[in-house]
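Q: Respectively, the protein sequence lines represent chains A and B. Per our numbering, the very first residue in the first sequence carries number 47; after that it's consecutive. Per our numbering, the very first residue in the second sequence carries number 8; after that it's consecutive. All C-beta atoms, glycine included, are put in the ideal place defined by N, C-alpha and C.
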Amino acid sequence: MASASDIMTTAGGTVASAKEVAEAAQRKDTRNRWYLMLPALVIIMVAAIGPLFIMAVYSVLAKGDYGGVTSALSTDAWFSVVLERDIFDDTLSFADAHMTVFWRSVRLAGITTIFTLIFGFPTAYFITTRPERQRDIWLFLVTIPFWTNLLIRTFAIQELIRRDGVINNVLTYLGIIDTPIQMLNTDFAIGLGMVYVYLPLMVLPIYASMEKLDFRMVEAGYDLYAGRLAVLRRIIIPLVKPGIIAGSILVFIPAIGAYVTPALLGGGKKMMVSNLISLQFGQGRNWPLGAALSITLMAIVMIALMIYVRNASRTSSRAH
Amino acid sequence: MASAAAVEAKGVTKVFGAGQDAVRALDGVSVTIRENEFFTLLGPSGCGKTTLLRLIAGFDFPTEGEILLYGQDIAPLPPFRRPVNTVFQNYSLFPHMTVGQNIGFGLEMLGKPKAEVEARVTEMLRLVRMEELRNRKTSQISGGQQQRVALARALAPAPKVLLLDEPLSALDYKLRKDMQIELKRLQHETGITFIFVTHDQEEALTMSDRIAVMSKGHILQVGAPRNIYDHPAERFVANFIGETNFLQGELAGTAGNKANVRLTCGGAAIAATLPEGFAPKEKVTVVVRPEHAQIVVNGTRATLTGKLENVVYFGTDTHFHVRLEDGNEFIVRQQNSRTNPHKFTQGDQAGIVIDDNAAQVLRD
Chain A
47 MASASDIMTT
57 AGGTVASAKE
67 VAEAAQRKDT
77 RNRWYLMLPA
87 LVIIMVAAIG
97 PLFIMAVYSV
107 LAKGDYGGVT
117 SALSTDAWFS
127 VVLERDIFDD
137 TLSFADAHMT
147 VFWRSVRLAG
157 ITTIFTLIFG
167 FPTAYFITTR
177 PERQRDIWLF
187 LVTIPFWTNL
197 LIRTFAIQEL
207 IRRDGVINNV
217 LTYLGIIDTP
227 IQMLNTDFAI
237 GLGMVYVYLP
247 LMVLPIYASM
257 EKLDFRMVEA
267 GYDLYAGRLA
277 VLRRIIIPLV
287 KPGIIAGSIL
297 VFIPAIGAYV
307 TPALLGGGKK
317 MMVSNLISLQ
327 FGQGRNWPLG
337 AALSITLMAI
347 VMIALMIYVR
357 NASRTSSRAH
Chain B
8 MASAAAVEAK
18 GVTKVFGAGQ
28 DAVRALDGVS
38 VTIRENEFFT
48 LLGPSGCGKT
58 TLLRLIAGFD
68 FPTEGEILLY
78 GQDIAPLPPF
88 RRPVNTVFQN
98 YSLFPHMTVG
108 QNIGFGLEML
118 GKPKAEVEAR
128 VTEMLRLVRM
138 EELRNRKTSQ
148 ISGGQQQRVA
158 LARALAPAPK
168 VLLLDEPLSA
178 LDYKLRKDMQ
188 IELKRLQHET
198 GITFIFVTHD
208 QEEALTMSDR
218 IAVMSKGHIL
228 QVGAPRNIYD
238 HPAERFVANF
248 IGETNFLQGE
258 LAGTAGNKAN
268 VRLTCGGAAI
278 AATLPEGFAP
288 KEKVTVVVRP
298 EHAQIVVNGT
308 RATLTGKLEN
318 VVYFGTDTHF
328 HVRLEDGNEF
338 IVRQQNSRTN
348 PHKFTQGDQA
358 GIVIDDNAAQ
368 VLRD
């Protein structure tokens, strides 16, 4: 425990100057903060960096016959991420099957991010402009989806949109349609499910940013002849940009690895990158390829985010 | 100096909330602000002065009544279509823009060509003496500098009327004094009508061409600083601006705006000025500013007499607190003189002589 005497002795028995005492206290303070961070640090080391390291190692080993890896070094896995060897004549071709899967996942994550932003931004604005007492209720409503298990929620959406589901039945009953609309197992269903799942992750960070926004800035904008759109574009969006960036990252990263939603709502007809990877560790029995694909996915995510963040921060500090 | 009306408020009422929580922030306010005038709305917090400013700016809309800008009703215009600009109390500078971008924003929104905007920004920076800070972020400059940027930003589009919402209240005393002079200079140089909101009576007296004193959603009196100070028409105005002595009396006779008032205490008759719209009545209250009376030694012919309870030295002047015969206190302020120092001490009996025409009758 820190005490005054500790600090005095560090100054070597002589009378410590105020500066020395302050510096010692500062050091002690910094050290204490490290202790506070320790549990999180340990978890990150064990649960994130450790497996990552293992993946990196596995990706450069030869595959075992029944899954797992052997101790022999091999570049086969990385090779087959981008290239395919024909099983009959051994000619090499670009592994466009893998690329298609990657592109499909990136595209889905991108579309999900855009739509959650389109729906989430006005929602956050609405909540921010409510009287203070009401805001908590609205925020609570936004987080309700988190209360139930993802699988159950996804089945519930299935129930709503399938051929003889609630929506089709109601529309038929009302006479608006006479043949049921095919919604389940379409791209629309995947999009709907994804936007629904990730919307809170977009709303909450934007709300957090917007809540700090001084709405007198908006009045100042109006006062200086900015119309509603100009105020939105030149004042509100730049000022809540940190929230938009945080929300986009929070949506994009998990969305790119989405597994349950595309499988259950898209009918599993189109393979996502997460399906591809899990396949390698399961039936495919090709752990090194799975590891290499995982690392490739991570690289794609990181590059995409770097480009995004750089562009976002550039537009906000646009020169006059 | 008869000039056109820049802003006219006609029977403006603003009610916030509804039912039992309804607050009448403004209650039938009518006032005319002339072109090129430095007009001040003065009053304590909650008197409705900022509400009136916000109605002119267009951030709120009047519940009743209308506001005319150069004779045109501005009710249908949203704030971004009104040729008025505001200097906000907290400045509300855009933190994501530089000083130059802040100043140019209004012109840019008006669709002015870039070269014109740049030239005007340069001109404005020179006007507020901040040329070298053009490319700084607004968070990197001091409070006084932010104040100047806020002014330059509001003046850049050359508005017909500039609204200033307590712009000096966040500055320290010395800076505030400098800015008062600066504002007056800017108003003179630009020739723009300034509507200035403040609760600081000294600020209002030094800067304004005319002052409107407000209380509880009403305008009590409008006039030049000197007129407001020397001839307060209402008790609130007399109290809010400067120090005042109140005396009771009876109206002995009137002629035009002059009256003869017999004071209840001591029975002496004094000449006093009547306020505008005075409804004749017998019992009246008269106010006398502390510096409009002289303290004299006992035995001299005096208007009032009493016991000197306190002599307070203020450097430039001395305050004499006299307890009158009827128990009320009367304060006399006298400038200190090195050649002729006063000879009064606490406990003395003393007389008070009120200057000619210094007394003012209140309306209420």
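Closer than 7 Å by beta-carbon distance: list the chain A residues that pair up with methionine 214(B), in chain order.
A: Simply none; closest approach about 22 Å.
Q: Fully enclosed by the region 303-353 of chain B, which beta strand (DSSP E) runs are 3 residues long or longer?
A: Counting whole runs of 3 or more residues, the region 303-353 of chain B contains the beta strand (DSSP E) stretches 311-320, 324-331 and 336-342.
Q: Which residues, in chain order, does the region 56-77 of chain B contribute to contact with chain A at a C-beta distance below 7 Å?
A: Those residues of the region 56-77 of chain B that come within reach of chain A (Cβ to Cβ, closer than 7 Å) are Ala64 and Phe66.
Q: Taking C-beta pairs closer than 9 Å, name the residues in chain B that isoleucine 95(A) reaches, listed in chain order.
A: Simply none; closest approach about 36 Å.
Q: Taking threonine 93(B) as the query, report the chain A residues whose CB atoms sit under 7 Å from its CB, ordered along the chain.
A: Result: Asp269.
Q: Is the Cβ-Cβ distance between leucine 162(B) and threonine 213(B) less than 8 Å?
A: It is not a contact, given that the beta carbons lie outside the stated cut-off.
Q: Are valine 243(A) and glycine 166(A) touching if we call contact CB-CB under 8 Å?
A: Contact flag unset, no.
Q: Residues in the same chain with beta-carbon distance under 6 Å from phenylalanine 101(B), minus the five sequence neighbours each way, listed in chain order, please.
A: Only Asn109 meet the Cβ criterion.
Q: Return the Cβ separation of isoleucine 235(B) and alanine 309(B) in integer angstroms, given the expectation that the two are a contact with Cβ distance under 8 Å.
A: About 29 Å; that fails the 8 Å criterion.
Q: By the 10 Å Cβ neighbour count, where 16 or more other Cβ atoms means buried, how is serine 222(B) classified, buried or exposed?
A: That one is buried.
Q: Are the C-beta atoms of leucine 117(B) and some chain A residue less than 8 Å apart?
A: Closer than 8 Å to some Cβ of chain A, the Cβ of leucine 117(B) qualifies, so yes.
Q: Serine 99(B) CB to nearest chain A CB: under 8 Å?
A: Cβ-Cβ to chain A under 8 Å: yes for serine 99(B).
Q: Please classify glycine 306(B): is it buried, with 16 or more other beta-carbons within 10 angstroms of its beta-carbon, or exposed?
A: Counting Cβ neighbours within 10 Å, glycine 306(B) comes out exposed, since fewer than 16 surround it.
Q: Hey, is the region 115-122 of chain B in contact with the region 139-148 of chain B, meaning 3+ C-beta pairs nearer than 8 Å?
A: Too few Cβ pairs lie closer than 8 Å, so no.
Q: If we define contact as Cβ-Cβ less than 8 Å, is glutamate 265(A) a contact residue for chain B?
A: Output row for glutamate 265(A): interface = yes.
Q: Assuming glycine 1(B) contacts threonine 271(B) (C-beta within less than 8 Å), just tell me the rounded distance between them.
A: In the structure as shown, chain B starts at 8 and stops at 371, and residue 1(B) therefore has no counterpart that could be examined.
Q: DSSP on histidine 238(B), reduced to helix/strand/coil?
A: Residue state, collapsed to three classes: coil.
Q: Mark alanine 304(A) as exposed unless 16 or more other C-beta atoms lie within 10 angstroms of its C-beta, in which case mark it buried.
A: It counts as buried.
Q: Is the CB of glycine 273(A) under 8 Å away from at least one CB in chain B?
A: By this cut-off, glycine 273(A) is an interface position.
Q: So the candidates are Pro90(B), Asp363(B), Val339(B) and Ala64(B); which of them puts its Cα closest to the Cα of phenylalanine 321(B)?
A: Checked all of Pro90(B), Asp363(B), Val339(B) and Ala64(B); the closest Cα to phenylalanine 321(B) is Val339(B).
Q: Could you tell me whether the Cβ atoms of valine 168(B) and alanine 13(B) are closer together than 8 Å?
A: The answer is yes: Cβ separation under 8 Å.
Q: Taking the alpha-carbon of proline 282(B) as reference, which of Thr312(B), Pro297(B), Arg88(B) and Glu241(B) has the nearest alpha-carbon?
A: The residue with the shortest Cα to Cα distance from proline 282(B) is Glu241(B).
Q: Start and end of the beta strand (DSSP E) containing threonine 116(A)?
A: Its beta strand (DSSP E) spans residues 115-119.
Q: Could you work out which residue in Leu87(A), Phe298(A) and Lys315(A) is closest to alanine 158(A) when comparing CA atoms only?
A: The identity of residue 158(A) in the sequence shown is threonine, whereas the question assumes alanine. Cα-wise, what sits closest to threonine 158(A) is Phe298(A).
Q: Mind checking if alanine 301(A) is an interface residue toward chain B, Cβ cutoff 8 Å exclusive?
A: Alanine 301(A) does not count as touching chain B.
Q: Report the rounded CA-to-CA distance for serine 126(A) versus phenylalanine 327(A), giving the unit in angstroms.
A: Distance between the alpha carbons of serine 126(A) and phenylalanine 327(A): 15 Å.
Q: Starting from the C-beta of glutamine 301(B), find all residues in its chain whose C-beta is less than 6 Å away, skip the five residues before and the five after it, and write them out in chain order.
A: The answer, listed in chain order, is Val360.
Q: Would you mind telling me which residues of chain A sit closer than 7 Å to glycine 113(B), beta carbon to beta carbon, in chain order?
A: Simply Leu270 and Tyr271.
Q: Within this structure, are the beta carbons of aspartate 80(B) and glutamate 73(B) separated by less than 8 Å?
A: A contact, by the Cβ cut-off of 8 Å.
Q: Counting only runs of 4+ residues fully inside the region 200-232 of chain B, write out the alpha helix (DSSP H) ranges in chain order.
A: Here the runs fully enclosed are 208-214.
Q: Rounding to the nearest angstrom, what Cα-Cα distance links glutamate 250(B) and glutamate 209(B) in this structure?
A: Near 12 Å, if we compare the C-alpha coordinates of glutamate 209(B) and glutamate 250(B).
Q: Does the Cβ-Cβ distance between threonine 200(B) and glutamate 44(B) come in under 8 Å?
A: Closer than 8 Å, so yes.
Q: Hey, how far is the Cα of lysine 109(A) from the Cα of proline 97(A)?
A: Answer to the nearest angstrom: the Cα atoms are 18 Å apart.
Q: Would you identify the three-state DSSP class for leucine 100(B), choosing helix, strand or coil?
A: Reduced to three states, the DSSP call for leucine 100(B) is coil.
Q: Can you tell me which of the three DSSP states glutamine 367(B) falls into?
A: In this structure, glutamine 367(B) counts as strand in the three-state DSSP scheme.
Q: Should arginine 274(A) be labelled buried (16 or more other beta-carbon atoms within 10 Å of its own) or exposed?
A: The residue is exposed, with fewer than 16 neighbouring Cβ atoms inside 10 Å.
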